[in-house]
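Presented below is the structure to which this report refers.
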Amino acid sequence: MLDLLFGIVVIGALGTCYARPGAAVGLLLSGFALEQCAQAFVPLAGRNNSLVNYILALFVAIATLRQVLRFGVRVLFPRGPMALSIVFLAYCYLTVTWSIFPSVTENILLESLPYVLVFVGLAPLTVQSEQDLNDAFFSLVIATTTTFLLLILFAEWGGRSVYLPYGDFYSNPLALTQAAGASLICVTLSPVLRRLPRPLGLPFALVTLSVVLVAFVRTGSRGQIVSSIATVLFFVAITKRGIWFLPVALSSIALLGTSLFEDEVRANRLRWSGDQMRRDLTEDRIGSAQQLFEYWSSSDPLHVLFGLGNSISYDPRILGGYPHVVPVEVLCEEGIVGALLFAACIGLSVHYAIKAGLSSNGLTRQLFTTVLALMLYEFLLTLKQGSLLGSRTFLTLVSLPSSFVVLSRILSIETQGETRGQALHRTLAPSPASKRPGRDRSQPTALSAIRR
Numbered sequence: 211m212l213d214l215l216f217g218i219v220v221i222g223a224l225g226t227c228y229a230r231p232g233a234a235v236g237l238l239l240s241g242f243a244l245e246q247c248a249q250a251f252v253p254l255a256g257r258n259n260s261l262v263n264y265i266l267a268l269f270v271a272i273a274t275l276r277q278v279l280r281f282g283v284r285v286l287f288p289r290g291p292m293a294l295s296i297v298f299l300a301y302c303y304l305t306v307t308w309s310i311f312p313s314v315t316e317n318i319l320l321e322s323l324p325y326v327l328v329f330v331g332l333a334p335l336t337v338q339s340e341q342d343l344n345d346a347f348f349s350l351v352i353a354t355t356t357t358f359l360l361l362i363l364f365a366e367w368g369g370r371s372v373y374l375p376y377g378d379f380y381s382n383p384l385a386l387t388q389a390a391g392a393s394l395i396c397v398t399l400s401p402v403l404r405r406l407p408r409p410l411g412l413p414f415a416l417v418t419l420s421v422v423l424v425a426f427v428r429t430g431s432r433g434q435i436v437s438s439i440a441t442v443l444f445f446v447a448i449t450k451r452g453i454w455f456l457p458v459a460l461s462s463i464a465l466l467g468t469s470l471f472e473d474e475v476r477a478n479r480l481r482w483s484g485d486q487m488r489r490d491l492t493e494d495r496i497g498s499a500q501q502l503f504e505y506w507s508s509s510d511p512l513h514v515l516f517g518l519g520n521s522i523s524y525d526p527r528i529l530g531g532y533p534h535v536v537p538v539e540v541l542c543e544e545g546i547v548g549a550l551l552f553a554a555c556i557g558l559s560v561h562y563a564i565k566a567g568l569s570s571n572g573l574t575r576q577l578f579t580t581v582l583a584l585m586l587y588e589f590l591l592t593l594k595q596g597s598l599l600g601s602r603t604f605l606t607l608v609s610l611p612s613s614f615v616v617l618s619r620i621l622s623i624e625t626q627g628e629t630r631g632q633a634l635h636r637t638l639a640p641s642p643a644s645k646r647p648g649r650d651r652s653q654p655t656a657l658s659a660i661r662r
């Protein structure tokens with residue numbers, strides 16, 4: 211019965227991604243939480259660990275196909291930050307030719323290739339308009355809120371994690387809290403609440419914030435909690451949005467959460483002690499990163515310049531795993547050249563987001579601000595967890611402002627007197643020579659309908 215219900219939900223989500231392509235990105239960004247929820251309740255997903263990943267890839271493929279049908283094959287050509295991100299990742303794959311441990315590098319790169327193709331090669335293509343970006347944030351909030359409600363109310367918890375009965379193991383609490391932090395940012399900074407009827411906006415925001423805070427209390431993932439709240443407060447201070455609502459809501463819900471989940475608060479209290487945090491930081495993060503950095507800095511000049519090879523830290527002769535600090539990992543494994551490319555990807559992405567945001571109105575500026583906030587949040591997480599190829603959501607967000615190239619052109623064309631729909635058609639639509647005889651492929655777009 212649960213498998214059948216799961217299939218119905220997947221079919222409905224497929225239809226949504228075809229009708230609203232941007233929704234696929236939101237589902238992808240909340241994929242870790244969706245995966246754990248499916249594995250906790252659905253036998254089919256619990257016995258097939260990769261099933262949800264395949265489904266998410268299908269969502270992105272359907273959404274990309276929809277954008278190609280709307281705007282033509284030009285959508286498939288990467289632009290701006292996405293193009294530079296692809297160049298950077300291609301360089302990462304090229305390091306296998308001079309890696310000090312080529313077999314380790316090759317194995318990790320091959321395992322990561324499907325994720326790179328989906329998260330960086332396809333996902334950014336599904337966002338070609340403001341409406342797509344709005345759909346992405348809305349689907350992320352809906353997906354994570356629904357997921358956490360189900361997990362909090364019906365799943366079995368053990369310590370900080372959800373018990374996955376069909377695989378007989380406990381989930382990764384960091385992945386859950388990461389999705390909760392992204393949802394907190396979206397519901398606070400993005401215009402998703404405007405899509406709801408006015409009487410439902412405030413209750414929905416309170417439910418989402420309540421779920422997020424309960425997830426924070428139960429998982430006790432310090433980095434995600436601090437990073438998400440700090441990011442929200444930083445952007446609230448800059449944009450002056452929610453400046454009265456957010457502190458009151460967070461304080462009230464935090465008090466309620468600590469009252470209802472007193473046992474979880476007591477159990478996780480030691481994790482917040484100064485000694486424990488100092489030990490985790492110095493041994494697991496700084497210690498590993500310093501060890502890798504010393505190995506790299508003492509190597510020959512060519513390896514200093516071009517890197518030791520992607521993922522060589524997984525070899526037991528180095529660390530036996532990733533160093534938990536992605537910028538240091540990039541510097542050592544991809545060298546100075548790779549680090550400069552990585553920094554250029556981030557810098558170009560931020561540049562396009564700021565430029566497009568400054569040249570647009572309030573609604574569009576909110577969308578761009580939310581992208582910047584999510585990028586900052588995910589970047590802060592790369593300083594304390596994961597690997598470069600494992601930081602897939604960050605790579606997606608860095609590539610996402612590629613659509614801002616198109617939006618900036620549209621905004622500049624609008625100043626010349628064209629309507630928004632005409633500007634979009636002029637920027638993205640296939641040339642007349644590419645149209646089939648007797649068939650007009652131009653059509654009204656979601657972008658042309660916004661704020662009419």
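In short: position in the sequence shown from 1, add 210, done, that's my numbering. By construction, the Cβ of each residue, glycine as well, lies at the ideal position given by its N, Cα and C atoms.
Are there 16 or more other CB atoms within 10 angstroms of the CB of residue i, so buried, or fewer, so exposed?
| i | result |
| --- | --- |
| L412 | exposed |
| Q576 | buried |
| T226 | buried |
| L212 | exposed |
| I522 | buried |
| R432 | buried |
| P511 | exposed |
| I448 | exposed |
| R527 | exposed |
| E588 | buried |
| F287 | exposed |
| R404 | exposed |
| V436 | exposed |
What I want to know is whether the C-beta of residue i ends up closer than 7 Å to one or more non-hydrogen atoms of the ligand NAP.
| i | result |
| --- | --- |
| P526 | Looking at this structure, you won't find the ligand NAP or any other ligand, since it has none at all. |
For a quick check, are the C-beta atoms of residue i and residue j less than 8 Å apart?
| i | j | result |
| --- | --- | --- |
| S498 | L541 | no |
| A243 | A346 | no |
| L582 | V330 | no |
| Y524 | G517 | no |
| V351 | L361 | no |
| R602 | Y303 | no |
| N259 | G377 | yes |
| V422 | L394 | yes |
Going by DSSP in three states, residue i sits in which element: helix, strand or coil?
| i | result |
| --- | --- |
| S371 | strand |
| F311 | coil |
| R630 | Note on R630: pLDDT 49, under 50, position unreliable in the model; the coordinate value appears next. It is helical. |
| Y380 | strand |
| G217 | helix |
| H534 | coil |
| V252 | coil |
| I448 | helix |
| K565 | helix |
| I546 | helix |
| L621 | Residue placement at L621 cannot be trusted, given a pLDDT of 49 that sits under 50; the coordinates are not used to answer. |
| L237 | helix |
| L529 | coil |
| P640 | Any reading at P640 must be qualified, since the residue scores a pLDDT of 46, below 50, and its modelled position is unreliable; the value itself is stated next. It is coil, neither helix nor strand. |
| P511 | helix |
| L599 | coil |
| G290 | helix |
| L518 | coil |
| G282 | coil |
| G232 | coil |
| L443 | helix |
| N258 | coil |
| P401 | helix |
| P324 | helix |
Which residues mark the beginning and the end of the alpha helix (DSSP H) in which residue i is found?
| i | result |
| --- | --- |
| A333 | Run containing A333: none; DSSP gives neither H nor E here. |
| T418 | 408–429 |
| L361 | 340–364 |
| L573 | 572–592 |
Thinking just about the alpha-carbon of each residue, which of the options is nearest to the one in residue i?
| i | options | result |
| --- | --- | --- |
| T592 | P334, V372, Y373, P533 | P533 |
| T574 | Q595, P611, R408 | P611 |
| P231 | N259, L266, N258 | L266 |
| A271 | E316, V538, A229 | A229 |
| Y519 | F503, Q500, E504, G545 | It is Gly, not Tyr, that sits at residue 519 in the sequence shown. Looking at the Cα atoms, G545 is the closest of the given residues. |
| T398 | G290, T441, I556 | T441 |
| A392 | I564, A549, G236, V220 | G236 |
| A234 | S371, I218, N263 | N263 |
| Q595 | S609, Q341, T387, I221 | T387 |
| A549 | V538, F589, V219 | V538 |
| A563 | Q246, E340, I439 | E340 |
| V337 | V278, P409, L254, Q501 | V278 |
| F216 | R405, S240, G241, C247 | C247 |
| L275 | A566, I218, L335 | L335 |
| S295 | F358, L332, Q434, R495 | L332 |
| V328 | L268, A300, R370 | L268 |
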